[in-house]
Amino acid sequence: MDPSKPFPVVVPPTLKFDGNDGNWSTFFVNVGGPAHDYRLLPSTSSSVTWIPSANACVEGDPSNCPDTRGIQPFEGRIQGYQPTASNESISLADHLWLELDSVDLNVTYGPQYGDQVGWFYQDTVGLGPAQSTLNITEYRAVVAAIDTEEFWIGEFGLDLGPNKFQTPEPYPSYLSVLNDSNLIPSLSYGYGAGAFYRNNGAYGSLTLGGFDSSRFETSRVMFPLGVNGLLQLAVADIQVSINDTPSSMTKDAAIFWAAIDSTLPYLWLPKNICDEFATTFGLTYDNTTNIYLVNSTAHAQNVANNATVMFSLAPSPTTSDFTSISLPYDAFDLELSWPAFEDPQSYFPIRRANGDKAVLGRTFLQEAYLIVDHERGNFSVNQAIYPYPPPATNIVPILRIEQSNPHTSKSHLSGGAIAGIVIGVVAFLGFLAGVAWFLYRRRR
Numbered sequence: 304m305d306p307s308k309p310f311p312v313v314v315p316p317t318l319k320f321d322g323n324d325g326n327w328s329t330f331f332v333n334v335g336g337p338a339h340d341y342r343l344l345p346s347t348s349s350s351v352t353w354i355p356s357a358n359a360c361v362e363g364d365p366s367n368c369p370d371t372r373g374i375q376p377f378e379g380r381i382q383g384y385q386p387t388a389s390n391e392s393i394s395l396a397d398h399l400w401l402e403l404d405s406v407d408l409n410v411t412y413g414p415q416y417g418d419q420v421g422w423f424y425q426d427t428v429g430l431g432p433a434q435s436t437l438n439i440t441e442y443r444a445v446v447a448a449i450d451t452e453e454f455w456i457g458e459f460g461l462d463l464g465p466n467k468f469q470t471p472e473p474y475p476s477y478l479s480v481l482n483d484s485n486l487i488p489s490l491s492y493g494y495g496a497g498a499f500y501r502n503n504g505a506y507g508s509l510t511l512g513g514f515d516s517s518r519f520e521t522s523r524v525m526f527p528l529g530v531n532g533l534l535q536l537a538v539a540d541i542q543v544s545i546n547d548t549p550s551s552m553t554k555d556a557a558i559f560w561a562a563i564d565s566t567l568p569y570l571w572l573p574k575n576i577c578d579e580f581a582t583t584f585g586l587t588y589d590n591t592t593n594i595y596l597v598n599s600t601a602h603a604q605n606v607a608n609n610a611t612v613m614f615s616l617a618p619s620p621t622t623s624d625f626t627s628i629s630l631p632y633d634a635f636d637l638e639l640s641w642p643a644f645e646d647p648q649s650y651f652p653i654r655r656a657n658g659d660k661a662v663l664g665r666t667f668l669q670e671a672y673l674i675v676d677h678e679r680g681n682f683s684v685n686q687a688i689y690p691y692p693p694p695a696t697n698i699v700p701i702l703r704i705e706q707s708n709p710h711t712s713k714s715h716l717s718g719g720a721i722a723g724i725v726i727g728v729v730a731f732l733g734f735l736a737g738v739a740w741f742l743y744r745r746r747r
């Protein structure tokens with residue numbers, strides 16, 4: 304392989320589904336020196352790797368607490384991240400607010416997330432298990448040790464950041480360092496969350512510097528990245544179809560902006576839209592947890608109806624160019640377990656938006672494959688597919704902007720542009736035919 308043309312890095316899934324708020328396909332990341340393996344979830348909005356700390360599970364917690372938080376056995380014990388045990392760790396900040404898209408969590412998710420903090424370090428972070436042959440390691444990555452219950456599984460940050468800790472120079476994100484080190488083709492990635500309910504468990508797909516074209520149906524709609532790389536789009540409509548009868552959840556509501564963020568499972572939506580969902584699916588709002596619960600009667604009815612929820616998404620509220628992503632009811636059929644509830648409780652993963660901060664969370668990405676291209680400042684949202692048996696992976700690099708790339712050139716040709724090219728070619732052939740006929744007449 305030509306070292307000047309690196310190939311995309313495929314981060315291996317753990318082949319497990321983790322989480323106390325659903326079954327989510329996790330990925331192996333190793334941290335520290337010596338390296339300790341963790342099962343993490345990708346975060347499209349964090350530029351930091353969040354790891355459950357040694358205090359994430361305490362005395363009195365169930366004995367399997369560390370395992371449920373994605374902590375792998377290490378040197379004969381199962382314990383969260385301890386920077387003092389790593390030869391590589393350097394303290395950056397203690398008790399600092401966690402951020403997503405460079406803003407405090409409470410700005411996007413509401414006041415209940417306002418006290419989420421982490422202890423920040425520089426440490427060695429590698430992709431895949433420590434004993435794997437992937438051998439992709441960043442020796443000065445930013446790590447946040449967390450013990451909050453709001454983020455039960457750790458997160459691997461895909462955002463560009465950068466991270467600032469009252470120092471003259473910001474600390475680059477993991478993706479930026481890989482790109483600057485020529486370990487990936489470009490500042491880009493492809494991610495699909497996978498789906499526990501598909502094919503007896505379909506694992507997620509994470510490719511840095513490219514995407515896996517076997518995982519989706521291509522959408523020709525491109526969305527511009529927002530400020531700080533925000534994955535922002537306009538939600539034109541949300542329709543629920545039961546027995547082939549569609550019903551709009553947005554009704555006469557205006558088109559609204561939303562951000563895609565895989566950090567949490569929830570879809571934060573305007574209250575009036577949440578009310579429509581509650582009526583359609585028989586949901587009960589719990590004022591203590593701010594969660595929409597599903598009792599056994601409603602759950603049985605919803606499973607029998609097997610509704611389809613379709614999102615119509617556009618680059619802006621004023622364009623007629625949009626893409627549609629459909630989710631089956633199974634995608635919303637989740638359970639919350641300890642420590643949120645002593646016994647598993649069925650819930651529907653929507654929440655009332657904090658002001659105008661609508662978010663399409665990890666639930667949405669079970670049926671949508673996301674391609675983010677920071678080189679060109681755009682992203683696409685594509686319908687995920689789950690054929691059985693699964694096809695072979697087809698990893699496609701996204702090259703740097705100064706290099707040619709078949710994928711990106713095709714993606715920017717809309718149906719109208721292609722039609723225009725065809726019409727132009729036909730017109731030119733017609734012109735040539737007319738010239739030939741004219742010359743023929745003159746010779747006669």
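Per our numbering, the sequence shown runs over residues 304 to 747. Using N, Cα and C, we set each Cβ at its ideal position, and we do this for glycine too.
DSSP state of residue i mapped onto helix, strand, coil
i, result
"R655", "strand"
"T600", "helix"
"E458", "strand"
"I698", "strand"
"T566", "coil"
"K660", "strand"
"G532", "helix"
"Y477", "helix"
"F377", "strand"
"W740", "Because the pLDDT at W740 is just 39, under 50, the model does not fix this residue reliably, and the value given afterwards should be weighed accordingly. Three-state result, W740: helix."
"R679", "coil"
"A357", "coil"
"P337", "coil"
"T299", "With the chain covering 304 to 747 only, the question about residue 299 has no answer from this structure."
"P309", "coil"
"A557", "coil"
"L668", "helix"
"P316", "strand"
"P386", "helix"
"R523", "coil"
"A537", "strand"
"Y632", "helix"
Start-to-end residues for the beta strand (DSSP E) that takes in residue i
i, result
"F514", "G513 to D515"
"Y424", "V420 to L430"
"D676", "A671 to D676"
"N333", "W327 to V334"
"G495", "S491 to G495"
"A617", "T611 to A617"
"E638", "L637 to L639"
"F625", "Segment: none, F625 is in no beta strand (DSSP E) and carries neither H nor E."
Cβ-based neighbour list, residue i, same chain, cut-off 6 Å, excluding 5 preceding and 5 following
i, result
"P549", "Q542"
"S389", "G335, G336 and D426"
"F514", "G493, I674 and V699"
"G497", "S328, A505, Y506 and G507"
"A562", "L533, L534, Q535 and V662"
Cutoff 7 Å; reference residue i; Cβ partners in own chain excluding five residues on either side
i, result
"T451", "Q419"
"N326", "F320 and F499"
"A656", "W571, L572 and P573"
"N681", "M525, F526, P527 and L528"
"I487", "P309, P311, V312, L481, L511 and G512"
Nearest to residue i (by Cα), restricted to the options the options
i, options, result
"A574", "L567, S640, A557 and E453", "Inspection of the sequence shows that residue 574 is occupied by Lys rather than by Ala. Looking at the Cα atoms, A557 is the closest of the given residues."
"P568", "S484, A687, Y341 and F635", "F635"
"A662", "G421, D564 and A444", "Checking the displayed sequence, the identity of residue 662 turns out to be Val instead of Ala. Taking only the C-alpha atoms, the option nearest V662 is D564."
"L637", "V313, P309, D321 and V312", "D321"
"P620", "S629, N697, Q686 and D540", "D540"
"V538", "S516, V312 and S551", "S551"
"C368", "E678, G680, L702 and P642", "P642"
"S517", "Y672, G532 and V684", "Y672"
"W560", "L536, T566 and D547", "L536"
"A603", "P618, T591, N590 and L586", "L586"
"E678", "P527, S484, V314 and A433", "P527"
"V445", "T666, F667 and I354", "I354"
"S366", "V612, I381 and F377", "I381"
"G464", "Y474, G457, W455 and R443", "Y474"
"G457", "V332, E520 and R703", "V332"
Under 7 Å between C-beta atoms of residue i and residue j
i, j, result
"Y595", "I653", "yes"
"L616", "D324", "no"
"L461", "P345", "yes"
"F459", "L534", "no"
"S479", "L403", "no"
"I628", "Q669", "no"
"Q375", "D340", "yes"
"A447", "V361", "no"
"S522", "T626", "yes"
Sequence-distant residues of its chain with Cβ nearer than 8 Å to residue i (five each side left out)
i, result
"A610", "V543, S544, I545, T583, F584, P631 and Y632"
"P694", "S517"
Delimiting residues of the alpha helix (DSSP H) encompassing residue i
i, result
"A581", "K574 to F584"
"D370", "C368 to T371"
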